[in-house]
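What follows is one structure encoded as structure tokens, with my remarks underneath.
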Amino acid sequence: MGDSKHQFTEQNLSNIKSMFYEKVAKYKSDSNVSVLPTRSSFDESVHAERNIKNMKRYRKVFYIPVAAVLSLCIVTGAAASIGIIDLTSVLQFLGLDRINILQPVHRVSEDQGIRMEVIGAVRDGDAAEVYASVSDLTSDRIDETLDVYDYRLSGGSASNAQTIHYDKASRTAIVRFITQGKGSSNRMTIRINTLMSGAAREDGYSIPMDWNALLKNRDQSSYELLNQDQISGLGGKIANEMDKNSFQVLRKDQTNISVPGVDWMHISNIGFINGKLHVQINPDNEMGGYNHGFFYFTDAQGHKLDIPEYSISYGHYMKDGVRYGGDYIEYVYDLTAVDAVDKLKLRGSFTNIGEVIQGKWETSFNLEQHNASKSGHVNLGRNADTHVKVTLSPIGITLTGDDLSRIRMEDLNIELHLTDGTKRAARSGFIQLDNDLLKWISSETVPVKEVSYLLIDGKKVSLEE
Numbered sequence: 004m005g006d007s008k009h010q011f012t013e014q015n016l017s018n019i020k021s022m023f024y025e026k027v028a029k030y031k032s033d034s035n036v037s038v039l040p041t042r043s044s045f046d047e048s049v050h051a052e053r054n055i056k057n058m059k060r061y062r063k064v065f066y067i068p069v070a071a072v073l074s075l076c077i078v079t080g081a082a083a084s085i086g087i088i089d090l091t092s093v094l095q096f097l098g099l100d101r102i103n104i105l106q107p108v109h110r111v112s113e114d115q116g117i118r119m120e121v122i123g124a125v126r127d128g129d130a131a132e133v134y135a136s137v138s139d140l141t142s143d144r145i146d147e148t149l150d151v152y153d154y155r156l157s158g159g160s161a162s163n164a165q166t167i168h169y170d171k172a173s174r175t176a177i178v179r180f181i182t183q184g185k186g187s188s189n190r191m192t193i194r195i196n197t198l199m200s201g202a203a204r205e206d207g208y209s210i211p212m213d214w215n216a217l218l219k220n221r222d223q224s225s226y227e228l229l230n231q232d233q234i235s236g237l238g239g240k241i242a243n244e245m246d247k248n249s250f251q252v253l254r255k256d257q258t259n260i261s262v263p264g265v266d267w268m269h270i271s272n273i274g275f276i277n278g279k280l281h282v283q284i285n286p287d288n289e290m291g292g293y294n295h296g297f298f299y300f301t302d303a304q305g306h307k308l309d310i311p312e313y314s315i316s317y318g319h320y321m322k323d324g325v326r327y328g329g330d331y332i333e334y335v336y337d338l339t340a341v342d343a344v345d346k347l348k349l350r351g352s353f354t355n356i357g358e359v360i361q362g363k364w365e366t367s368f369n370l371e372q373h374n375a376s377k378s379g380h381v382n383l384g385r386n387a388d389t390h391v392k393v394t395l396s397p398i399g400i401t402l403t404g405d406d407l408s409r410i411r412m413e414d415l416n417i418e419l420h421l422t423d424g425t426k427r428a429a430r431s432g433f434i435q436l437d438n439d440l441l442k443w444i445s446s447e448t449v450p451v452k453e454v455s456y457l458l459i460d461g462k463k464v465s466l467e468e
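In the working numbering, the protein residues as written are 4 to 468.
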């Protein structure tokens, strides 16, 4: 870890903005530069379609929409003389309003031939947004599929990392970290332990099995009962039923069905228990811990069917002296309401991670709280009996008060009314980490001074600095 040879100052930022305006008309695109869609759109669609991830193996995240992307441009000449590395990347994914509130950081850590540089960050007290570049100095291990898998941001109770930009020429990915929590302080540390790349997800995997034979023997499957101490994770409609006395699962390792094209797991048993289809998989101890996917059904015409399901993760395995849960995952499907069951086809949608890179990339930096803010108060809840303090910052809106868990985030209706008569709606990006703090993180920088008042569930919130 160490300082870069070149200092990234406020004057540099001013120069960047000036050059941006001069160059944006001249340069519209570059064949070596790509701007990526946010990963959250992909992950949320997968989660909505099939909520079956192994809860012990996959990190918890919250998803925030990526800020609007500007037209592509290249800044050269004077920019190179100031020694700012990856300057074009900075300008690709940040709007100028975001650059205005960023504190320059420019801290570097290298390991395994891979360089991580924290470019800039902003903090509003309980949330921080950090931008970092990750580049491969020796080969082509970093690409547009980069996933920062195992990482930690100090001071946050929940964090998210998204690859939002990739430059092919420099083999550099730009990652945005967002962390939320009351422990946010002026000193922040980012540590990355695991990077993954080369990920590809495909639908339509054919499951090589005799479906008709399985239906004929549906009453002959043997099973065992597991207690809650043997369960490492639940997904789907039973996710909140961990306190149940027992769970029915198939006996382990009764089959060994490989799915062509998927080499990180096999189907270790399949059968019916009490009329529900159970598909048991056994992921391997290496890549099985990183990959994921789900099964689904199609009808005779090839259309995907919406069939109720849930998952159970159980068993454990040892790796490098550490005990991991989820040695087996069992997916359960209720087919009782399905017509023409004999016409169903079992299909799969799975990832295949290309490479896992272990290392230690760590750097610390000071991050002062952004001072621009306004605040007000409002009473919320069904009976308007929850007194809430509302704080507006360039990052978003923070609600603090007693027992905010009674307020459903999906029912919140927030509008920002600006002095010019326009308004913005807060439609997504809500997170809640405890009972007395709820946060909306905006996909665009909030012009705090230009916000006249808020409407929260139809109630006007006057704001004061």
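All C-beta atoms in this analysis are idealised placements derived from N, C-alpha and C, irrespective of residue type, glycine included.
For residue j and residue i, the rounded distance between their alpha carbons
{"i": "G432", "j": "Y134", "result": "18 Å"}
{"i": "Q251", "j": "T148", "result": "37 Å"}
{"i": "V265", "j": "F353", "result": "7 Å"}
{"i": "K210", "j": "L421", "result": "It should be noted that the sequence gives Ile, not Lys, for residue 210. Rounded to whole angstroms, I210 to L421 spans 55 Å at the Cα level."}
{"i": "I459", "j": "A375", "result": "21 Å"}
{"i": "S446", "j": "G116", "result": "33 Å"}
{"i": "K322", "j": "D129", "result": "36 Å"}
{"i": "I398", "j": "I104", "result": "9 Å"}
{"i": "A164", "j": "V282", "result": "32 Å"}
{"i": "L140", "j": "N355", "result": "24 Å"}
{"i": "R385", "j": "D439", "result": "17 Å"}
{"i": "N272", "j": "G362", "result": "36 Å"}
{"i": "S455", "j": "D146", "result": "43 Å"}
{"i": "D232", "j": "V325", "result": "18 Å"}
{"i": "L402", "j": "N259", "result": "52 Å"}
{"i": "L228", "j": "L237", "result": "15 Å"}
{"i": "S465", "j": "A387", "result": "17 Å"}
{"i": "K240", "j": "G357", "result": "32 Å"}
{"i": "E468", "j": "G207", "result": "55 Å"}
{"i": "D222", "j": "A343", "result": "18 Å"}
{"i": "L253", "j": "Y331", "result": "10 Å"}
{"i": "N230", "j": "Y327", "result": "18 Å"}
{"i": "L156", "j": "T425", "result": "36 Å"}
Closest by C-alpha distance to residue i, when choosing among the options
{"i": "F270", "options": "E333, E244, D302", "result": "Residue identity check: residue 270 is Ile in the sequence provided, not Phe. Nearest option by C-alpha distance: E333."}
{"i": "N277", "options": "S225, L395, V451, S209", "result": "S225"}
{"i": "S162", "options": "E132, G98, V335, R144", "result": "E132"}
{"i": "P263", "options": "R350, S249, N438, M290", "result": "R350"}
{"i": "A242", "options": "E312, R155, R194", "result": "E312"}
{"i": "V121", "options": "R174, V178, G158, Y154", "result": "V178"}
{"i": "Q106", "options": "E418, V125, M119", "result": "V125"}
{"i": "A202", "options": "L441, H319, M290", "result": "M290"}
{"i": "G379", "options": "G404, Q372, E244", "result": "G404"}
{"i": "N294", "options": "G329, Y317, G324, M321", "result": "G329"}
{"i": "E205", "options": "G296, R110, S142", "result": "G296"}
{"i": "F275", "options": "Y456, A303, N220", "result": "N220"}
{"i": "D213", "options": "E468, L347, E467, I400", "result": "L347"}
{"i": "I310", "options": "L218, T339, E467", "result": "T339"}
8 Å Cβ cutoff met for residue i and residue j
{"i": "D345", "j": "N215", "result": "yes"}
{"i": "D150", "j": "M199", "result": "yes"}
{"i": "L407", "j": "T394", "result": "no"}
{"i": "R194", "j": "Y152", "result": "no"}
{"i": "V341", "j": "S396", "result": "no"}
{"i": "R430", "j": "L419", "result": "no"}
{"i": "K247", "j": "V335", "result": "no"}
{"i": "D127", "j": "Q372", "result": "yes"}
{"i": "I417", "j": "L457", "result": "yes"}
Cβ-based neighbour list, residue i, same chain, cut-off 7 Å, excluding 5 preceding and 5 following
{"i": "R190", "result": "S367, N369"}
{"i": "K307", "result": "Y299, T301"}
{"i": "K462", "result": "V381"}
{"i": "S92", "result": "Since pLDDT at S92 reaches only 46, below the 50 mark, its modelled position is unreliable, and the value read off the structure follows with that caveat. For S92, where only same-chain residues beyond five positions count, the Cβ hits under 7 Å are S136, H168, D170, T175, I177."}
{"i": "N288", "result": "Y320, K322"}
{"i": "G123", "result": "L105, Q106, P107, V108, Y134"}
{"i": "M268", "result": "I284, N285, P286, D287, G291"}
Neighbourhood of residue i by C-beta distance below 6 Å, restricted to the same chain and skipping five residues each side
{"i": "S112", "result": "M4, M119, W364, E365, T366"}
{"i": "L415", "result": "none"}
{"i": "A303", "result": "K346"}
{"i": "I400", "result": "W443"}
{"i": "S261", "result": "H269"}
Own chain residues within Cβ distance below 8 Å of residue i, not counting five before or after
{"i": "I360", "result": "Q115, I117, R144, T197, L198, M199, S200"}
{"i": "Q435", "result": "L407, S408, M412, L441, K442"}
{"i": "E453", "result": "L421, T422, D423"}
{"i": "I234", "result": "M245, F250, I315, S316, Y317"}
{"i": "F11", "result": "Its pLDDT being 40, under 50, F11 is placed unreliably by the model, and the measurement read from it follows with that caveat. Contacts found: I87, P107, V108, H109, I122, G123."}
Chain C contact for residue i (CB, 8 Å cutoff)
{"i": "S367", "result": "Included in the structure is just one protein chain, with no chain C present."}
For residue j and residue i, believed in contact at Cβ under 8 Å, the rounded distance
{"i": "V451", "j": "K377", "result": "6 Å"}
{"i": "I102", "j": "I444", "result": "With a Cβ gap of about 18 Å, I102 and I444 do not count as contacting."}
{"i": "S138", "j": "S173", "result": "6 Å"}
Any non-hydrogen atom of the ligand ATP within 7 Å of residue i CB
{"i": "D330", "result": "Absence of the ligand ATP is noted for the structure shown, with no ligands found whatsoever."}
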